[in-house]
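Numbered per the UniProt record's numbering, the sequence shown spans residues 1 to 287.
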Amino acid sequence: MQGISLSKCNSSMVGRNEQEHTNLAQSLPRVIAINVGGYYFETKLSTLTKDKDSMLAAMFSGRHELDTDSEGRYFIDRDGTYFKEILNYLRDSTQLPNADRALEVYKEAQFYQVQGLIDTLDRFSNVFAHKLEEAKKSKLGSDFEKWQQQIITCAQNKSLQNLTSTSKVSLLSQEDHKKVMECGDCIGPHAHNLVVSKPATQGVVHHQETFDYVQRRFRETDLVVCILSNADMKMFISITEADLKNNGYCVSFREEKIRCKNVKLHYGIGKEECRFNVTEHVVEFEW
Numbered sequence: 001m002q003g004i005s006l007s008k009c010n011s012s013m014v015g016r017n018e019q020e021h022t023n024l025a026q027s028l029p030r031v032i033a034i035n036v037g038g039y040y041f042e043t044k045l046s047t048l049t050k051d052k053d054s055m056l057a058a059m060f061s062g063r064h065e066l067d068t069d070s071e072g073r074y075f076i077d078r079d080g081t082y083f084k085e086i087l088n089y090l091r092d093s094t095q096l097p098n099a100d101r102a103l104e105v106y107k108e109a110q111f112y113q114v115q116g117l118i119d120t121l122d123r124f125s126n127v128f129a130h131k132l133e134e135a136k137k138s139k140l141g142s143d144f145e146k147w148q149q150q151i152i153t154c155a156q157n158k159s160l161q162n163l164t165s166t167s168k169v170s171l172l173s174q175e176d177h178k179k180v181m182e183c184g185d186c187i188g189p190h191a192h193n194l195v196v197s198k199p200a201t202q203g204v205v206h207h208q209e210t211f212d213y214v215q216r217r218f219r220e221t222d223l224v225v226c227i228l229s230n231a232d233m234k235m236f237i238s239i240t241e242a243d244l245k246n247n248g249y250c251v252s253f254r255e256e257k258i259r260c261k262n263v264k265l266h267y268g269i270g271k272e273e274c275r276f277n278v279t280e281h282v283v284e285f286e287w
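Dropping the structure here:
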């Protein structure tokens with residue numbers, strides 16, 4: 001008995017698969033009724049498949065079995081609030097959302113992988129601001145959200161423990177935390193002589209603290225240490241303050257500067273200041 005070549009067999013299988021996909025695609029109606037999370041739409045199949053690289057084109061290519069609702073509409077389990085804007089763009093690429101809806105439509109365009117709409121909305125001011133914020137968070141690393149959650153959890157635990165409607169949490173960068181915990185001798189003739197500067201209703205108030213007291217306070221209190229440089233810590237604080245307020249927390253942030261005021265005199269013609277200088281970030285919640 002004569003054998004069948006592998007290449008002919010593969011070609012035959014590919015041909016059958018392509019024919020099956022074609023048949024499935026042909027089985028879809030030209031006008032499609034869609035239920036997107038309870039929002040109902042009707043559009044042409046050609047509109048849904050217009051962007052060949054989009055998720056919608058893949059879904060309605062005929063290669064996949066699609067869910068339907070009780071009325072026979074194809075069902076997409078996604079909030080459909082902004083799906084109208086996706087369809088409008090696919091129908092006519094000049095139909096763009098209003099600026100106040102651009103960011104949410106942008107997120108939906110990312111989900112449905114409509115690249116043309118993504119590229120167009122990239123130029124909108126609020127979309128660019130969102131991308132910039134995400135880029136900053138990415139620069140801060142994968143622990144960004146963990147530190148934010150630590151701040152919230154620490155503040156809530158303090159209020160529960162003390163039964164108070166307000167609570168404070170202190171934050172230090174890893175760089176400043178190391179300065180406090182591993183600080184060596186002062187350049188001056190005596191131990192570090194620290195001055196703490198805090199914002200007040202009118203200007204800034206200053207008071208003195210010993211280095212031992214500051215070190216002990218940071219060891220004995222709940223302290224969130226962010227594994228960041230001082231420069232990145234400023235970015236983290238700025239983003240976290242905005243995030244917490246956007247999420248409905250009643251919260252305020254302030255900086256307390258702690259520096260050593262000792263100096264070293266050089267033959268009466270100059271002086272060198274001690275370089276010990278850290279920033280304690282204090283976050284105050286009101287529940």
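All C-beta atoms in this analysis are idealised placements derived from N, C-alpha and C, irrespective of residue type, glycine included.
Mind reading off the beta-carbon distance from Glu209 to Val225? Whole number of angstroms is fine, and I expect it under 8 Å.
-> That pair is no contact at about 20 Å.
Keeping to the same chain, check which residues put their C-beta closer than 6 Å to that of Lys264; ignore five residues upstream and five downstream. Ile187, Gly188 and Glu272
Subject >> Given 8 Å, three or more beta-carbon pairs between the segment 114 to 124 and the segment 71 to 90 >> reply: yes
Own chain residues within Cβ distance below 6 Å of Arg275, not counting five before or after: none
Check your understanding: Going along the chain, which residues of its own chain have a beta-carbon closer than 6 Å to the beta-carbon of Arg254, five neighbours each way excluded?
Key -> Pro199 and Val282
Check: Val282 C-beta below 7 Å from any heavy atom of the ligand HEM: Within the structure as shown, the ligand HEM is missing, as the structure has no ligands at all.
Take Val180 and list the residues in its own chain whose beta-carbon comes closer than 7 Å to its own, dropping the five residues that flank it on each side.
Val214, Gln215, Phe218 and Val278
What distance in whole Å lies between the Cβ atoms of Glu286 and Cys260, which are believed to be in contact at a cut-off of 8 Å? The pair is not a contact, with the Cβ atoms about 33 Å apart (cut-off 8 Å).
In whole angstroms, what separates the C-alpha of Ser159 from that of Asp143? 25 Å
Backbone CA spacing between Val169 and Met233 [nearest angstrom] = 15 Å
Please give me, in chain order, every unbroken run of the beta strand (DSSP E) with length at least 3 that falls completely inside the segment 184 to 222.
193 to 199 and 204 to 210
Element boundaries [alpha helix (DSSP H), containing Arg91]
Phe83 to Arg91
Give the straight-line distance between the Cα atoms of residue 301 and Asp243, rounded to the nearest whole angstrom. This structure cannot speak to residue 301, because the chain is shown only from 1 to 287.
**Asked** Going by the beta-carbon positions, is the gap between Arg63 and Tyr82 smaller than 8 Å?
**Response** no
query: If you check the beta carbons only, do Asn262 and His190 fall under 8 Å apart?
result: yes
- Query: Below 8 Å between beta carbons: does that hold for Phe75 and Leu28?
  - Reply: no
Notebook entry, point to check: What residues in its chain sit with their C-beta under 6 Å from that of Asp67, if we drop five residues either side in the sequence?
Noted result: Phe75
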